[in-house]
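For reference, the structure discussed in these notes is given below.
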Amino acid sequence: MLRPPSTPMFSNDSPVLQPEDDEFTTGLGNYSLVTPRRLSNDGNQALSPPPPPPPPIHNSDSTVRRPMVARNAASMPQSPSVKSIASSKRVGAVKPKGLNRVHEDPPGNQSTDKPTPSVHPIDTLSKKLRQQAMELTKVYEELEKQNLQIDAYKQQIQDQKRELERLRITRSKSMDSSSKEPTSTRATALGQQKRAAQMMIGTPSTGASLGQKRGELDRKLKEAEREKKKYELAAKRIEKALVELQVFQNDRMERLLPREGVSNQRENDMGDLESVLDEQRAYIRVLEEAVHLKATDFEVTGHEELLVVLAELRHTIYEQEKDVEQKSNLLVSTQQQLEQEQQEHSATENLLVNAQKQQEVMAQRFHEQESALHSQLDDTRRQIEQMSNHLDQLQGAATDAHRTEEALQSRLIAATKSQNLIETKLDDATRNIKTLQQQLGAVNTKYEEVKLQTVSLQEECTKKQSHLDEMNSLQEELLSSVDKYVGKVKKSRDKVERLEAELQACQEKEKLAHKQADDAVRSSDERLATLQIEVDAVKQREQQVQAQYTALQQENQRLESTLREMQQRLQNQAQENSEQQQEITTKQEKCHLIEEAAVELESALSTALRMILEKATVSTQERSSNDGDVTDSDDYTFLLDDSVLSKLRRTSEVEAYALQVDSMNEQLCRAEAECEAYHALEQHTAIQEKALEAKEALIYDLSSEKDRLVEVEKAYSDQVATNARYSEQLEDLQEATREQRKYAEELEFALENAATFAEQQNECNQKLNVQLALLETSKREQVGYVKTLQEQNSAFSNRFMKLVKQYAALLRPVAATNRSLQDHINRFDTELQNGDVLRLLQLFPALLEQYISACIGRPEQDHVTDARKRGQQSVNSVPTKIPSQRSIEWSSAKPRRCHQYLEMATPTWHPPTPEPSVSKTLESPVSPPLDATATRKPACFIATEKEEAQLAEQLELIRGAFQSYKEDVETSG
Numbered sequence: 001m002l003r004p005p006s007t008p009m010f011s012n013d014s015p016v017l018q019p020e021d022d023e024f025t026t027g028l029g030n031y032s033l034v035t036p037r038r039l040s041n042d043g044n045q046a047l048s049p050p051p052p053p054p055p056p057i058h059n060s061d062s063t064v065r066r067p068m069v070a071r072n073a074a075s076m077p078q079s080p081s082v083k084s085i086a087s088s089k090r091v092g093a094v095k096p097k098g099l100n101r102v103h104e105d106p107p108g109n110q111s112t113d114k115p116t117p118s119v120h121p122i123d124t125l126s127k128k129l130r131q132q133a134m135e136l137t138k139v140y141e142e143l144e145k146q147n148l149q150i151d152a153y154k155q156q157i158q159d160q161k162r163e164l165e166r167l168r169i170t171r172s173k174s175m176d177s178s179s180k181e182p183t184s185t186r187a188t189a190l191g192q193q194k195r196a197a198q199m200m201i202g203t204p205s206t207g208a209s210l211g212q213k214r215g216e217l218d219r220k221l222k223e224a225e226r227e228k229k230k231y232e233l234a235a236k237r238i239e240k241a242l243v244e245l246q247v248f249q250n251d252r253m254e255r256l257l258p259r260e261g262v263s264n265q266r267e268n269d270m271g272d273l274e275s276v277l278d279e280q281r282a283y284i285r286v287l288e289e290a291v292h293l294k295a296t297d298f299e300v301t302g303h304e305e306l307l308v309v310l311a312e313l314r315h316t317i318y319e320q321e322k323d324v325e326q327k328s329n330l331l332v333s334t335q336q337q338l339e340q341e342q343q344e345h346s347a348t349e350n351l352l353v354n355a356q357k358q359q360e361v362m363a364q365r366f367h368e369q370e371s372a373l374h375s376q377l378d379d380t381r382r383q384i385e386q387m388s389n390h391l392d393q394l395q396g397a398a399t400d401a402h403r404t405e406e407a408l409q410s411r412l413i414a415a416t417k418s419q420n421l422i423e424t425k426l427d428d429a430t431r432n433i434k435t436l437q438q439q440l441g442a443v444n445t446k447y448e449e450v451k452l453q454t455v456s457l458q459e460e461c462t463k464k465q466s467h468l469d470e471m472n473s474l475q476e477e478l479l480s481s482v483d484k485y486v487g488k489v490k491k492s493r494d495k496v497e498r499l500e501a502e503l504q505a506c507q508e509k510e511k512l513a514h515k516q517a518d519d520a521v522r523s524s525d526e527r528l529a530t531l532q533i534e535v536d537a538v539k540q541r542e543q544q545v546q547a548q549y550t551a552l553q554q555e556n557q558r559l560e561s562t563l564r565e566m567q568q569r570l571q572n573q574a575q576e577n578s579e580q581q582q583e584i585t586t587k588q589e590k591c592h593l594i595e596e597a598a599v600e601l602e603s604a605l606s607t608a609l610r611m612i613l614e615k616a617t618v619s620t621q622e623r624s625s626n627d628g629d630v631t632d633s634d635d636y637t638f639l640l641d642d643s644v645l646s647k648l649r650r651t652s653e654v655e656a657y658a659l660q661v662d663s664m665n666e667q668l669c670r671a672e673a674e675c676e677a678y679h680a681l682e683q684h685t686a687i688q689e690k691a692l693e694a695k696e697a698l699i700y701d702l703s704s705e706k707d708r709l710v711e712v713e714k715a716y717s718d719q720v721a722t723n724a725r726y727s728e729q730l731e732d733l734q735e736a737t738r739e740q741r742k743y744a745e746e747l748e749f750a751l752e753n754a755a756t757f758a759e760q761q762n763e764c765n766q767k768l769n770v771q772l773a774l775l776e777t778s779k780r781e782q783v784g785y786v787k788t789l790q791e792q793n794s795a796f797s798n799r800f801m802k803l804v805k806q807y808a809a810l811l812r813p814v815a816a817t818n819r820s821l822q823d824h825i826n827r828f829d830t831e832l833q834n835g836d837v838l839r840l841l842q843l844f845p846a847l848l849e850q851y852i853s854a855c856i857g858r859p860e861q862d863h864v865t866d867a868r869k870r871g872q873q874s875v876n877s878v879p880t881k882i883p884s885q886r887s888i889e890w891s892s893a894k895p896r897r898c899h900q901y902l903e904m905a906t907p908t909w910h911p912p913t914p915e916p917s918v919s920k921t922l923e924s925p926v927s928p929p930l931d932a933t934a935t936r937k938p939a940c941f942i943a944t945e946k947e948e949a950q951l952a953e954q955l956e957l958i959r960g961a962f963q964s965y966k967e968d969v970e971t972s973g
């Protein structure tokens, strides 16, 4: 037994439905149908067995199934299992607002239990998606604006860098020109330095400073982070909407698919779907084969309508599958859009990170430049002012937020009251509309049932007219079965008594229902005045529904016209098929002619082969007689024998006979299969005739009982309608109270959330105030540190510049004889004119090295002559004094201190090792040779003492300056 399909599928190969349009042929190659006619024409297959009896129907309704009418493509047939589940859900509880039907039946087939939903969930979801799309477009526009601003800032930074490079170039050129001009002074260098500082700080002509632009960049980055949070919130909303869509699609698929009570069916959805589709295809194929067989056996011509109905069902299901595929494609596209948006968000994050890195690099560069300290001070002051303004704005915003919260709470209370009133009115109106729609549906269904009954009665009348003669012949047999009829009458009387007892029980139940209805009437009399006003609105709605009904009837007529056109197309296709069959017959005749020509060719070729073979035998005999030698036969000479030729002919004849036998066996198998199918159909028709006779007798008995019971049902239908009306009103009241409770709970929850949000906002404001106070204290400390650093830096630069000038003046007479030392002193002078302290600190150790090397590298004779000259000068001016041992010790300790200082200033430099004679004389000042020289030449020692004292003072000054600079650096670090 095959299970009836929940949704029949469309077949493209059926002989009835082969339209010319492409609407029925696109995408339907998977569904194939093979009829018995095609089986008999195409292959050697046997006919299919007789069709099984109709499968059991799951639906509890016992109404006669009416022929299908052409429907709109959007209408969707529901399976019996889905209908039963939906009806049980409606009877048990009221359906929530968010879960409406996926597809509605047309008004002709609309059930009385399914009210039309007020708002479709797809519409709500589409509205949400549109709102979120608008938000995303706004977000993208703001992102593009910010990217443009960032590009403009980058371009400004590049322009400022170019200006700085240009200033450096001009500065280097001015330095070169100043080095060429010997009369330049420190005033020009200071003027240039002031101009460079003004260019770095910024003037009204040059525009905003780098520090201001840096602050603007910080502010823009903060705004970008805020907007990034907004974008993340929008992405979360979109993800929620996608989840809702997925849930909606899953519910729809579960409703479309038949449920057989299997709990773990979701794990193997694809396999179940394929099995269901295979079963549906097989069941449709069996149905069509049975229709064809019955039509050919009983010579019925109206079976094409059934096939048209099946084709329409398949077409509707194919369109439904298209809709499902389109929705899946939409889901995939939305997911891709989400991924693209996430990628764009990640790109924006990367841009922000790169901007932060660039900002850090710029900050390091600004810290390295000492000239930017003044601009940083101004920027910090401005930022403090901006932060104070921002604090004031935040405080004002907080007060405004508190006021708006209070106003919103008052508005919420008023809105909830008005919404409750509106919802009560809307619920009453929707209930009245539902009842009216149910009544309309019931009237339509009854009208269609009456139509079907009339059609069935007409068919029965035609059948009865054909069976009148048989009934006349059977009248005598019916007279003999009067006794049986009397027994049936007794049974019917017993049934009537039992039904009367049931009626009494029903009357008692109705009395109880009347009592309950009276109580409900008392409670509902108060609301009749308000309902009467709404009845007028419902009447207007009824008029609109009637107008819609007329429009639907017009659509039905249009669809009937389209059906007629389709039938005409099918007839045209049948004519085309007949023409094709004629062409096939002509082609078969041509094939027969070609086969006859081939047979003639074979006979001609056989005669030609015989002639050739005879000629070959004659030639071989002549050669053997002429030569007299016996030669071995070739590989192909055995074919010339008559026995071999006869054997070959016999084998060919045997093969042809075997082929004929195989074809005859196949024809016998076909004939046997056809005979078996014919006998089975005869048995089936006999059984059906007997069943029809029994059913006719039952129908005659039941029609009389039905006429009597219809009157009873009419009497009770009015009472049941009133009871149902009052029960519906009571249910509506209960639903309204439940909804009001739910709404009150939701309002309480919203108020609690608002209170928690306000508390969190207050806490955040307090934290921000604390952080702002900490920032102000830290900024004040930084300002103090900056002032101290500036003072120390200015003091150090002044002291160092004085020291360097003194040292340069001292070294110039020494540099007159040394070219390299003179070059160093020239460089030193240029840097003095420029006022670059860092460059002077870098050049000072090299100048000391050069001076020491020059002092050590002099010949001793020159030193002695210079010492004599200076001694004579000192003798003329100052009386001779013997150098004390203390001065000698100082002279010996002097190079050591100098060596230590040089190691501290330049760790890579190592002083040249002095000659052994000089070191010995310096390390042993008390030795007798030194005393002799001191006693012999006191003027030389006096001159050297003066030079050494001057050098010692200068070195001590330099050492103190370096130590103070080192301490300043450590304290600032």
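Residue numbers for the sequence shown follow the UniProt record's numbering, so the first one is 1 and each next one is one higher.
Where is the CB? At the ideal position from N, CA and C, for every residue including glycine.
All values reported here derive from a predicted model rather than from experimental measurement.
C-alpha gap between residue i and residue j, whole angstroms
i, j, result
"H514", "V243", "50 Å"
"V770", "E406", "27 Å"
"G108", "E254", "Any reading at G108 needs caution, since the residue's pLDDT is 39, under 50, leaving its predicted position unreliable; the model's value is listed next. One C-alpha to the other measures close to 25 Å."
"Y726", "A517", "6 Å"
"V139", "L352", "16 Å"
"C669", "Y678", "14 Å"
"E165", "L838", "20 Å"
"E596", "R569", "40 Å"
"A656", "A686", "45 Å"
"Q364", "D218", "15 Å"
"Q557", "V443", "20 Å"
"A758", "E163", "51 Å"
"D400", "L394", "10 Å"
"L730", "E746", "25 Å"
"residue 976", "D536", "The requested residue 976 does not occur in the structure, where the chain is confined to residues 1 to 973."
Cutoff 7 Å; reference residue i; Cβ partners in own chain excluding five residues on either side
i, result
"Q719", "E510"
"L772", "M387 and L391"
"N818", "A854"
Presumed contact (8 Å Cβ cut-off) between residue i and residue j, rounded CB distance
i, j, result
"Y851", "V814", "7 Å"
"A224", "Q146", "6 Å"
"T348", "L143", "6 Å"
"V786", "L338", "Contact flag wrong, Cβ pair sits at about 50 Å."
8 Å Cβ shell around residue i - same chain, five flanking residues per side excluded
i, result
"T380", "K779, Q782 and V783"
"L811", "L821, I825, L847 and Y851"
Neighbour-count burial assignment, residue i, 16 or more Cβ in a 10 Å radius
i, result
"T586", "exposed"
"A744", "exposed"
"I825", "buried"
"E312", "buried"
"S375", "buried"
"V599", "exposed"
"H592", "exposed"
"Q369", "exposed"
"Y318", "buried"
"Q580", "exposed"
"G441", "buried"
"T316", "buried"
6 Å CB neighbourhood of residue i in its chain, flanking five on each side removed
i, result
"S927", "In this prediction, S927 scores a pLDDT of 37, lower than 50, which makes its location untrustworthy; the coordinate-derived value is nonetheless stated afterwards. Closer than 6 Å at the Cβ level, and outside the excluded window around S927, lies no residue."
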